[in-house]
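J.: Residue 440 in full-length UniProt numbering sits at position 440 of the sequence shown, with consecutive numbering throughout.
Idealized CB from N, CA, C, for every residue including glycine.
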Amino acid sequence: MFLEGLKIVTLPGKGRCLVTTRSYRTGDVIFSAKPYAAVAFDSHLAQVCHSCYRSGQNLLQCGRCGFAFYCDRTCRQEGWPQHSSECADMQSCGLPTDNVRLVARILRRAIKDSVFGAEGEIISPDRLETHIERLSNDERQAMERDVTACLQFCPAASKHFDTAFILQMLQIVNLNSLILTDQSGVKAMGVGLFPTISLLNHDCWPNCCVTFNNGNRQANKATFHSSARAELRVMRAINADEELTVSYLSFVGLAEERRAFLLRDYFFECNCVHCQDHTQDTLLTAAKSKDIDAKQVVEDSKHALGKVDMALAEKHWDEVWSLCKEALDKHLPVLADTNIYLLRMLSAAAEAATHNRELGIAAIYAARAVTGYRDVCHPKSPQLLDAFVRAGALCYGSGLYEDAHTFLCEALAILIVTHGATHARTKYIQVMKAKVEREIALLRRNEVIPRVVQSERALERKSELHGLLAPYIKTIFPRRY
Numbered sequence: 001m002f003l004e005g006l007k008i009v010t011l012p013g014k015g016r017c018l019v020t021t022r023s024y025r026t027g028d029v030i031f032s033a034k035p036y037a038a039v040a041f042d043s044h045l046a047q048v049c050h051s052c053y054r055s056g057q058n059l060l061q062c063g064r065c066g067f068a069f070y071c072d073r074t075c076r077q078e079g080w081p082q083h084s085s086e087c088a089d090m091q092s093c094g095l096p097t098d099n100v101r102l103v104a105r106i107l108r109r110a111i112k113d114s115v116f117g118a119e120g121e122i123i124s125p126d127r128l129e130t131h132i133e134r135l136s137n138d139e140r141q142a143m144e145r146d147v148t149a150c151l152q153f154c155p156a157a158s159k160h161f162d163t164a165f166i167l168q169m170l171q172i173v174n175l176n177s178l179i180l181t182d183q184s185g186v187k188a189m190g191v192g193l194f195p196t197i198s199l200l201n202h203d204c205w206p207n208c209c210v211t212f213n214n215g216n217r218q219a220n221k222a223t224f225h226s227s228a229r230a231e232l233r234v235m236r237a238i239n240a241d242e243e244l245t246v247s248y249l250s251f252v253g254l255a256e257e258r259r260a261f262l263l264r265d266y267f268f269e270c271n272c273v274h275c276q277d278h279t280q281d282t283l284l285t286a287a288k289s290k291d292i293d294a295k296q297v298v299e300d301s302k303h304a305l306g307k308v309d310m311a312l313a314e315k316h317w318d319e320v321w322s323l324c325k326e327a328l329d330k331h332l333p334v335l336a337d338t339n340i341y342l343l344r345m346l347s348a349a350a351e352a353a354t355h356n357r358e359l360g361i362a363a364i365y366a367a368r369a370v371t372g373y374r375d376v377c378h379p380k381s382p383q384l385l386d387a388f389v390r391a392g393a394l395c396y397g398s399g400l401y402e403d404a405h406t407f408l409c410e411a412l413a414i415l416i417v418t419h420g421a422t423h424a425r426t427k428y429i430q431v432m433k434a435k436v437e438r439e440i441a442l443l444r445r446n447e448v449i450p451r452v453v454q455s456e457r458a459l460e461r462k463s464e465l466h467g468l469l470a471p472y473i474k475t476i477f478p479r480r481y
């Protein structure tokens, strides 16, 4: 199999890598791919289209099994080839776990096509890495139960594949599947397997990112429709014969934290320059003065964050707010703006204040966090993007329009590179930016209006903005939704 501009190379200490044969500019799309197979999470079955993975209401339900939902007839037609073979089994067996359903779809497609692989993929799914020999006994037993569930859900698989191969495919899905987001770009709605994208190695300071695009089904003519796909986008200029890398991490952390996570979840030790040299660790543990011993303060912060995380998990917002305020009163005068424990506490405080409708306070904390994230994050990273969006939305909701405009412009600069101008998330931020600009224009125009009238209009806008921001809370604080 061949994909223009790409080749598979084996490098010492890394194994198989994806290398480009030409140069690319920042923002270029190297390639895009439809999922080889994908499923919606069982926790969101009725809220997401099972073809494009947009979230919505009043979706079309499959009249046979009742488990599949679609935006409209176009999406139903697009999703039917994958759903048709499992529809009858869903009626008789019910709904297994997400990974079992995904593996069953992969096996059904292989049986139907009489071969693994798909057009536009440089490798077939069964050739991806498994590290199955590194599983613990408990993990292997759990996967063997999944094999049994898969054979019950997909009886035809037993005629073509043995249990060892199905176990291998389950582990391939565990290690290589990609989260599919809805049109907000942050809310996880499903999981899919993209074989070529799975060849991308990790780097803590990558040159590419993978973005899921829900496609376009809004055009009047089907000719202009596009399918849901994952896009590999360039985050900085890339030269020919350079390895393409992405980040497997969803958090900002010390080298020790990053390496421990990657070893536990992906079975490798990261040896990138940032991990070997501990490049950012000095900033991430810094105090405001060299004379201050921050070790005890950092330990106190870790302990406080543990309590905060427990309260966040239970969504006890008053408790979160109380814990954050107490910790920040102690640590803000001591820890530098780039200190990772301070940044995590500021983000938690902003979230708690938002849920308590204290948008002004939330905006201050979110804006303070941006200062630190700018210095420690990759300039095009999703973590920095989320920080800009969060600060921009909260400043907008609290009436700090000039600050909101600055943050939203910086968010858009990242989105144009990582998502593209036509992505739904980019358009959403553009709409919010336009609203902010209208508010700024109104305020400038109202400078000659009597103060009483200005106050009345400000209250009206504040009430309206609370309503506008409410549905956006799940987007700016996505991790618990």
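1) Pick helix, strand or coil for residue 173, following the three-state DSSP scheme.
2) Could you give the DSSP three-state label for residue 402: helix, strand or coil?
3) What does residue 82 pair with, by DSSP beta-bridge criteria?
4) Buried or exposed for residue 484, going by 16 or more other Cβ atoms inside 10 Å?
5) Bridge partners of residue 120, per DSSP?
6) Does the Cβ-Cβ distance between residue 153 and residue 35 come in under 8 Å?
7) Quick one: Cα of residue 96 to Cα of residue 190, how far?
8) Residues in the same chain with beta-carbon distance under 8 Å from residue 241, minus the five sequence neighbours each way, listed in chain order, please.
9) With the cut-off set at 8 Å, would you say residue 275 and residue 209 are in Cβ contact?
10) For residue 130, which residues in the same chain have their Cβ closer than 8 Å to its Cβ, ignoring the five residues on either side in sequence?
11) Just to confirm the assignment, what range does the beta strand (DSSP E) spanning residue 40 have?
12) Indicate the three-state DSSP secondary structure (helix, strand or coil) for residue 91 in the structure shown.
13) Where DSSP assigns a beta bridge to residue 7, which residues make up the other side?
14) Which residues bound the beta strand (DSSP E) around residue 385?
15) Buried or exposed: residue 286, going by 16 or more other Cβ atoms within 10 Å of its Cβ?
16) Thinking C-alpha only, which one of 414, 340, 301, 397 is nearest residue 323?
17) Hey, could you find the ends of the beta strand (DSSP E) residue 192 is sitting in?
18) Considering just the uninterrupted stretch of the alpha helix (DSSP H) at residue 308, what are its terminal residues?
19) Between the region 35 to 49 and the region 69 to 84, do three or more beta carbon pairs fall short of 8 Å?
20) Spell out the partners DSSP gives residue 181 in its beta bridges.
21) Please report the distance separating the alpha-carbon of residue 249 from that of residue 178.
22) How about residue 433 and residue 408: do their beta carbons lie closer than 8 Å?
23) In terms of DSSP beta bridges, what is residue 202 paired with?
24) Tell me residue 60's beta-bridge partners as DSSP assigns them.
25) The beta strand (DSSP E) spanning residue 261 covers which residue range?
26) Could you give the C-beta distance for residue 429 and residue 412, rounded to a whole number, given that I count them as a contact under 8 Å?
27) Just to confirm my understanding: we take residue 370, look at its own chain, exclude 5 residues before and 5 after, and list those with CB closer than 6 Å. What are they?
T.: Quick answer:
1) DSSP places residue 173 in helix when its eight states are reduced to three.
2) When DSSP states are grouped into helix, strand and coil, residue 402 belongs to the helix group.
3) DSSP output for residue 82 lists no bridge partner at all.
4) The question about residue 484 has no answer, for the chain in this structure spans 1 to 481.
5) None; residue 120 has no bridge partner.
6) No, the pair does not count as a contact, with Cβ atoms beyond the cut-off.
7) When rounded, the distance between both Cα atoms is 14 Å.
8) Leaving aside the five residues that flank residue 241 on each side, the residues in its chain whose CB is nearer than 8 Å to its CB run, in chain order, 19, 20, 21.
9) No, the Cβ-Cβ distance between residue 275 and residue 209 is not below 8 Å.
10) Excluding sequence positions up to five before and after residue 130, its CB lies within less than 8 Å of the CB of 168, 171, 172, 175, all in the same chain and listed in chain order.
11) Run containing residue 40: 37 to 40, per the beta strand (DSSP E) assignment.
12) Reduced to three states, the DSSP call for residue 91 is helix.
13) Residue pairing by DSSP places residue 7 opposite 19 in a beta bridge.
14) Note, residue 385: premise wrong, no beta strand (DSSP E); alpha helix (DSSP H) at 382 to 397.
15) With 16 or more other Cβ atoms within 10 Å, it is buried.
16) The shortest C-alpha separation from residue 323 is found at 301.
17) For residue 192, the enclosing beta strand (DSSP E) stretches over residues 188 to 193.
18) Unbroken alpha helix (DSSP H) run through residue 308: 295 to 314.
19) Between the region 35 to 49 and the region 69 to 84, the count of Cβ pairs shorter than 8 Å is three or higher; the stretches touch.
20) According to DSSP, which records beta bridges pairwise, residue 181 is partnered with 188.
21) Between the C-alpha atoms of residue 249 and residue 178 there is a straight-line separation of about 13 Å.
22) In this structure, residue 408 lies closer than 8 Å to residue 433 by Cβ.
23) 246, per the DSSP bridge assignment.
24) Residue 60 is bridged to 70.
25) Run containing residue 261: none in the beta strand (DSSP E); it sits in the alpha helix (DSSP H), 255 to 266.
26) At roughly 6 Å, the Cβ-Cβ gap stays under 8 Å, so residue 429 and residue 412 are in contact.
27) Annotation for residue 370: 387, 391 place their beta carbon closer than 6 Å to its own, counting only its chain and skipping 5 residues before and after.
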